[in-house]
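Everything on this sheet refers to the single structure shown next.
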Amino acid sequence: MQKLATCMIGMAMTVMAAGTLADAANDLTIRSSAEIKPGSVLNIGDQATFWYGGDGGVQNFVSAGETIPVFRETPVCGLTKKTEVGAVRVLAYKGEHRFMAQVVDGRLANGDIALKEISR
Numbered sequence: 009m010q011k012l013a014t015c016m017i018g019m020a021m022t023v024m025a026a027g028t029l030a031d032a033a034n035d036l037t038i039r040s041s042a043e044i045k046p047g048s049v050l051n052i053g054d055q056a057t058f059w060y061g062g063d064g065g066v067q068n069f070v071s072a073g074e075t076i077p078v079f080r081e082t083p084v085c086g087l088t089k090k091t092e093v094g095a096v097r098v099l100a101y102k103g104e105h106r107f108m109a110q111v112v113d114g115r116l117a118n119g120d121i122a123l124k125e126i127s128r
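Right, here's the structure in full:
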């Protein structure tokens, strides 16, 4: 009887974990890197081009006029720490994999990334 109860609990845990993983697989992070000259800093009002290297055009995931948070990644003890450093507003598309954006918050540097979480 105890083995049956243990087996049932194990099966229930497996089903719950599979559901959580399926939900995570449906989430998508749109990651776009800022194209800024090394050593340059952009302030509020400045414009930058962001590059999106994913499948499909950036227009499918990011809308003109949308505001997206920008993060800086730094290595810490073998892990990557993300710190929000500002936000940009999408102005226009520059081809299938680039968009022009204006800084609306913070200060941006080369290598900063705009991240947008979306659910499929």
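Take the sequence shown: its letters are residues 9 to 128, numbered as in this note's numbering. We put the beta carbon where it would ideally sit given N, CA and C, even for glycine. Computed from a predicted structure; not experimentally measured.
From which residue to which residue does the beta strand (DSSP E) around residue i run?
i	result
residue 81	75 to 84
residue 114	106 to 114
residue 56	55 to 60
Starting from the C-beta of residue i, find all residues in its chain whose C-beta is less than 7 Å away, skip the five residues before and the five after it, and write them out in chain order.
i	result
residue 67	101
Please report the distance separating the alpha-carbon of residue i from that of residue j.
i	j	result
residue 74	residue 46	26 Å
residue 107	residue 78	14 Å
residue 109	residue 86	32 Å
residue 126	residue 48	30 Å
residue 57	residue 116	12 Å
residue 32	residue 69	For residue 32, the predicted structure reports a pLDDT of 37, less than 50, and the residue's modelled location is therefore unreliable. A value from the coordinates is still provided. Computed Cα separation, rounded: 18 Å.
Pull the bridge partners of residue i from the DSSP assignment, please.
i	result
residue 87	84
residue 38	124
Can you tell me whether residue i sits near the ligand GTP, meaning its C-beta is under 7 Å from at least one heavy atom of the ligand?
i	result
residue 72	Annotation note on the ligand GTP: not contained in the displayed structure, which lists no ligands.
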